[in-house]
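Just so you know, UniProt numbering puts the end of the sequence shown at 461, numbered straight through with nothing missing.
Just so you know, even glycine gets a beta-carbon here, dropped at the ideal spot from N, CA and C.
Here's the structure, in structure tokens; my notes come after.
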Amino acid sequence: MPVTAFEFDEKYQYQNGFDCYFESSGVTGALPLGQNSPQKPPLGLYAEKLSGTAFTAPRHENKQTWLYRILPSCSHPPFAPVAAPNESLGIGGEALKKMHYIPNQLRWDPFDHDPHADFVSGLHMVAGAGDATLKQGCAMYIYAAGRSMDDRTAFYSADGDLLLVPQEGVLDIRTELGWLLVRPMEICVIPRGVRYQVHLPTGPARGYALELFQGHFVLPELGPIGSNGLANARDFQAPVASFDDGPDAFGQTASDGPKEYTITVKFNNALFQTTQRHTPFDVVAWHGTYYPFKYDLGRFNTIGTISYDHPDPSIFTVLSAPSDHAGTSIADFVVFPPRWLVGEDTFRPPWFHRNTMSEFMGLIRGGYDAKKGGKGGFVPGGASLHNVMSGHGPDAESYEGARNAELKPQKVGDGSCAFMFESCLMVGVTDWGLRTCQKVQEKYSEHSWGELKVHWKGGKE
Ligand SMILES: [Fe+2]
């Protein structure tokens with residue numbers, strides 16, 4: 001079921017749709033009529049273009065947005081490396097160059113909360129592949145934040161679009177283009193370059209993130225499913241313009257001197273900062289196709305078999321980041337929501353498999369039907385990684401249970417939601433993911449599959 005509304009909802013208005021052209025104005029008359037960059041934009045605003053694709057990208061891929069703001073974003077002193085680097089991104093952004101490539105199945109206990117970190121210092125790369133400088137590949141992260149970002153800070157990534165999957169705690173995200181409230185069981189995507197600030201209205205927050213160094217998320221093709229199903233376009237929500245022109249926003253009126261705003265950028269996985277005397281959240285109006293958005297996973301229209309066997313897990317794809325090869329994704333975001341299983345004479349959990357893709361899984365809440373046993377288990381806030389051709393499947397306890405289960409219509413996953421970042425790339429694991437976080441379950445494989453029984457009886461039933 002969809003995430004239920006609560007008190008924060010009144011603060012937000014959204015524009016509904018996926019990959020749409022949207023326009024939003026915080027005051028009447030801020031959007032120029034009939035052109036993008038008039039000699040004098042309305043209301044004394046500056047026009048600034050934010051491009052998410054090459055200007056010349058085909059129309060169906062083109063993502064550009066015009067911002068009408070009080071001061072342009074270029075108005076700041078030079079960036080410098082941050083004084084206290086986030087070491088989990090690698091000093092100097094070298095996390096991706098120092099990966100550990102491991103054929104073993106990996107599973108992590110729930111990652112620690114960090115009461116001292118904000119969203120930026122609490123962002124830890126766990127795994128990834130490719131190179132942000134070449135705009136190739138992707139990376140998987142855990143975030144754990146115990147405090148809101150300061151009101152006079154903003155963060156952006158030059159490395160890619162960031163998909164956030166909250167697992168605990170609400171994220172109240174102020175972006176240049178407006179506010180997004182993102183709760184567990186909702187996801188959001190913050191595009192490359194968009195500046196934002198993360199507040200924690202309900203306390204500590206923890207979750208997962210996937211950054212695309214290349215391309216953008218699209219909805220998967222539906223093929224014979226038809227024109228509706230899986231994640232429906234109308235359920236995606238983009239923010240409306242919201243800006244700050246308060247007394248401190250431009251440093252003119254403060255009695256104790258101009259207020260400074262700190263902008264942090266992740267640039268090739270290293271953090272740089274600058275300070276400026278004006279708020280980055282001064283976009284009065286915008287229009288275009290490049291913007292942050294969110295989606296309620298409870299609205300996912302889950303589709304499965306009504307005869308026998310079950311489809312490949314690609315049937316659960318919410319968003320897809322295509323590679324240049326049709327049908328092959330740099331990353332798919334896939335969920336395993338509550339659903340009815342009715343397949344006759346069918347082994348209902350996921351089968352044993354080895355894939356050419358790598359699978360990074362997390363659990364937002366509840367349990368996962370293929371992982372009932374195993375010391376430590378697969379529990380909310382933890383993760384697993386089954387890399388290219390690393391065999392896996394239900395653990396011994398789950399297998400025996402499913403093999404002997406009475407098959408009747410059965411609801412699985414009530415109150416639960418697992419998800420997967422599936423990539424066509426072989427992903428490496430960072431030092432933080434393998435060692436520093438100290439959450440790797442040492443005997444995951446042995447505990448899961450070490451006691452699988454032999455059912456073979458010499459060729460006889
Ligand atoms: Fe798998």
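Where F111 falls, given that 16 or more other Cβ within 10 Å makes a residue buried: By one-based count along the sequence shown, residue 111 stands at place 111. Answer is buried; the Cβ neighbour count reaches 16.
Taking 8 angstroms as the cut-off, does the stretch 143-156 touch the stretch 106-125 (at least 3 CB pairs, one atom from each stretch)? yes
Reference M426; option with closest CA among N16, A139 and T53: Translated into positions along the sequence shown, residue 426 becomes position 426. It is A139 whose Cα lies nearest to the Cα of M426.
Pick from N268, L181 and S329: whose alpha carbon is nearest that of H199? Walking along the sequence shown from the start, residue 199 turns up at place 199. Checking every option, the nearest Cα to that of H199 belongs to L181.
Using a Cβ-Cβ cutoff of less than 6 angstroms, which residues in the same chain neighbour E359 once the five nearest sequence positions on both sides are dropped? The residue you call residue 359 lines up with position 359 of the sequence shown. Excluding sequence neighbours, E359 sits near H386, M420 and E422.
If we require 3 or more residues per run, which beta strand (DSSP E) segments fall completely within the stretch 198-222? 205-212
Please check the pair L162 and E211, which I expect to be a contact at CB under 8 angstroms, by giving their CB distance rounded to whole angstroms. Here residue 162 refers to the residue found at position 162 of the sequence shown. Here residue 211 refers to the residue found at position 211 of the sequence shown. At roughly 5 angstroms, the Cβ-Cβ gap stays under 8 angstroms, so L162 and E211 are in contact.
Among G343, V194 and R277, the one whose alpha carbon lies nearest that of residue 477: In the structure displayed, the chain extends from 1 to 461; residue 477 sits before or after that span and is not available.
Based on the DSSP secondary-structure assignment, which residues constitute the bridge partners of Q167? Position 167 of the sequence shown, counted from the first residue, corresponds to residue 167. Q167 pairs with nothing; no bridge assigned.
Could you check whether the Cβ of N355 sits closer than 8 angstroms to any heavy atom belonging to ligand 1? For the purposes of this step, residue 355 is identified with residue 355 of the sequence shown, where counting begins at 1. Because some heavy atom of ligand 1 lies under 8 angstroms away, the Cβ of N355 counts as near it: yes.
Taking 9 angstroms as the cut-off, decide whether the C-beta atoms of P349 and Y399 are in contact. On the sequence shown, position 349 is the one that residue 349 refers to. On the sequence shown, position 399 is the one that residue 399 refers to. Yes.
Quick check on the DSSP output: the alpha helix (DSSP H) that includes G343 runs from which residue to which? Residue numbering aside, residue 343 sits at position 343 when the sequence shown is read from its first letter. That residue, G343, is in no alpha helix (DSSP H); it is neither H nor E in DSSP.
Extract the residue ranges of the beta strand (DSSP E) inside the stretch 301-358, only unbroken runs of 3 or more that lie entirely within it. 317-322, 329-336 and 339-341
Could you give the residue range of the beta strand (DSSP E) that holds W108? Reading the sequence shown from its first residue, position 108 is the one you call residue 108. Unbroken beta strand (DSSP E) run through W108: L106 to W108.
Determine whether the beta carbon atoms of P184 and G207 lie at a separation below 9 angstroms. Position 184 of the sequence shown holds residue 184. Position 207 of the sequence shown holds residue 207. Going by C-beta atoms, P184 is nearer than 9 angstroms to G207.
What is the rounded straight-line gap between the Cα of L45 and the Cα of G34? The sequence position of residue 45 within the sequence shown is 45, counting from 1. The sequence position of residue 34 within the sequence shown is 34, counting from 1. So the two alpha carbons sit approximately 16 angstroms from each other.
So who's on the other strand from L271, going by DSSP bridges? Here residue 271 refers to the residue found at position 271 when the sequence shown is read from its first residue. Looking at the DSSP assignment, L271 forms a beta bridge with K266.
Just checking H310 against ligand 1 - is the residue's beta carbon closer than 8 angstroms to any of the ligand's heavy atoms? The residue given as residue 310 occupies position 310 in the sequence shown. No, the beta carbon of H310 sits no closer than 8 angstroms to any heavy atom of ligand 1.
Y21 in three-state terms, based on DSSP: In the sequence shown, residue 21 corresponds to position 21, counting from 1. If DSSP states are grouped into helix, strand and coil, Y21 belongs with coil.
Straight-line Cα distance separating F316 from residue 535: Limits of the chain in this structure are 1 at one end and 461 at the other, which puts residue 535 out of reach.
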